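Reviewing the structure listed below.
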Amino acid sequence: MDLLIKNGIVVNAEGRCAADVAVSDGKIIKVGQNILPGAMTEEVDASGLLVLPGAVDVHTHFELSFGDIFHTADDFYSGTRAAACGGVTTVIDFVTPENNESLIAAFNKRNYFAESKVCIDYGLHMGFSEVNDKLLDEMQEIVNTGVPSFKVFTTYAFKLNDDELKRVFMNAKKLNALVMVHAEDHEALEAAKAEFIKDGKTDAWHHYLSRPEAVEAKAVKKVIELAMETGVKLYIVHLACAEGLAAVEQAQAEGYPIYAETCPQYLNFTSDVFKRPDGRNFVCSPPMKGIESRDALWDSVTGCDRGTISPTYFGINTVATDHCPFRSTDKDRGKDDFTMIPNGVMGVENLYPYMLSEANRGRISFERAVELCSSNPAVIFGCSPAKGLIAQGADADILIYDPGKEFTVSQKNMHSDIDYTIWEGTKFKGYPVRTYSRGLLVYKDGEFTGKAGHGRFIRRFM
Ligand code: URP
Ligand code: ZN
Ligand code: ZN
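In the working numbering, the protein residues as written are 14 to 475.
Shown next, in the form of structure tokens:
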């Protein structure tokens, strides 16, 4: 036995108990009472602390470029370093094939960039920016490689039209793969953008007004209809509006395998942030919406709090980050024209501390926070039972959390390479004190203690 975490309260999605956790060779070998250490075992006293499965953030964008102009601040090293320091022990990032590139070539290239840098375990989703017979044929090989999730967009330059969406959905259904969708109505938002710019309405507030609630809801409803027609498993990424959520819940109630993710930025902020002088720093798509949407997202997060993995996966099923930070100098390029602001915000180090702090304040149970941030994403994306729970046989991806620690977020105490944070000044009740990735201590008391290349690619199967 390498490590014995003693006297803590172990919290899984299904419940909690006072127990010791024994680790050997990166795996949890026993969870139980009064476990005795071996001669070489390192003992960690977790009295008064919670012992949780590390979070599984299924939506990050490390090392992403938009054209040749904008590059995200975090590469696979600094991004997974920040993740580890926020209790995230698995990330799933994206492969975006370039023109005419085969899916497998794009996967190999991305994996090559990632593997020497990652500090925690990682998976990849395959992006689609065009559709043709060759790419559709390659989906099988990608699934066999351990990538059973495909991402499509209804907007941006790489959007797919309805016919293309349907072809991807049908093929994914055949392969029992999952399709993730960024849903915003392209025509509506482009028309609004053009109108605002023509009228000189160029501030960040008009970023929100160009893609308000209705723009997101329209696209969400469309992709749900397509999913119902094809029977594919659908996962709506970064859901941010009440009307879209209602459509998801309706489809779920009818028995369709439809999942919804939201992000901490949609739970904590409203569109009012775009009125701030630094509003451009909050620009992401979809934008944060009005208070009604934020309340609806929270109602779903709290309303489905049953302390167990919900059998129907009703409402919001996961909270992930869409971590995609651009430096403030890049954001500044859009200070006189919101259409020039690179889209995306940070969050990988804030996700779990935020949700656990809300649990610690009594808004949800700790079990529900674990379910949304760890066990549900692990199950939905095919990394369970190795990830997402503290149990014998699971990977020793463990967060030790001090519910008594007060923490105020500042760019200075974060571990990303981004030069600001939208979370500046936010106070958390409780904070991570240690993170283990397959038994390796990667974070301790505010310091990163991991190493590049420790993370392994996770082959996922559904
Ligand atoms: O604004 C965002 N969300 N940027 C990242 C890319 C995406 O749309 O997920
Ligand atoms: Zn997106
Ligand atoms: Zn994203």
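All residues carry an ideal CB built from backbone N, CA and C; glycine is no exception.
On a predicted model such as this, the values are computed, not experimentally measured, just so you know.
beta-carbon His-84 near ligand 1 non-hydrogen atom, thresh 7 Å: His-84 Cβ: outside cutoff for every heavy atom of ligand 1.
Close-in-space but distant-in-sequence residues of the same chain around Asp-198 (CB under 6 Å, 5 per side omitted): So the list reads Val-228, Lys-231 and Ala-232, once near-sequence residues are dropped.
Short Cβ contact (8 Å threshold) for Phe-351 with His-220: yes
Status (buried if at least 16 other CB within 10 Å, exposed otherwise) for Tyr-272: buried
Cβ pair Ala-97, Glu-380 closer than 8 Å: no
Phe-474 to Pro-110 span [Cα, whole Å]: 21 Å
Inter-residue Cα distance where the pair is Gln-153 and Asn-184: 9 Å
Between the CA atoms of Asp-430 and Leu-16 - distance to the nearest angstrom: 31 Å
Touching by the beta-carbon criterion (3+ pairs, under 8 Å), the region 436–449 and the region 104–119: no
DSSP three-state assignment for Ser-78, whether helix, strand or coil: strand
Within 8 Å, strictly: CB atoms of Val-443 and Asn-389: Correcting the residue identity first, residue 443 is Gly in this sequence and not Val. 8 Å or more divides the Cβ of Gly-443 from the Cβ of Asn-389.
Counterpart residues of Lys-246 in DSSP-defined beta bridges: Leu-191
Contact with chain D by Lys-186, beta-carbon distance below 8 Å: Annotation note: the requested chain D is absent from the structure, which comprises a single protein chain.
Own chain partners of Ala-86 with C-beta closer than 6 Å, once the 5 adjacent residues on each side are dropped: Pro-338, Arg-340, Asp-430 and Ile-431
Residues bridged to Met-139 [DSSP beta-bridge criterion]: According to DSSP, Met-139 bridges with Val-108 and Phe-163.
For ligand 4, residues whose Cβ lies under 7 Å from any non-hydrogen atom: Of the ligands this structure carries, namely ligand 1, ligand 2 and ligand 3, none is ligand 4.
Candidates Pro-290, Arg-307, Glu-56 and Lys-440, of which the one nearest Val-256 by Cα: In the sequence as presented, Val is not what sits at residue 256; that position holds Glu. Of Pro-290, Arg-307, Glu-56 and Lys-440, the residue nearest in Cα terms is Arg-307.
Spatial distance of Pro-324 from Ala-52 (CA atoms): Below a pLDDT of 50, predicted positions are generally treated as unreliable, and Pro-324, at 43, falls in that range; no measurement from the model is reported.
Exposure of Ala-31, with buried meaning 16 or more beta-carbon neighbours within 10 Å: exposed
Range of the contiguous beta strand (DSSP E) that encloses Ser-450: Residue range 440–450 is occupied by the beta strand (DSSP E) that includes Ser-450.
Glu-121 in three-state terms, based on DSSP: Reading off the sequence, residue 121 comes out as Asn, not Glu. In the structure shown, Asn-121 sits in a helix (DSSP, three-state: H, G or I).
Alpha carbon of Phe-79 to alpha carbon of Ile-471, nearest angstrom: 26 Å
Distance between Asn-20 and Val-64 (C-alpha atoms, nearest Å): 10 Å
Inter-residue Cα distance where the pair is Asn-356 and Phe-75: 14 Å
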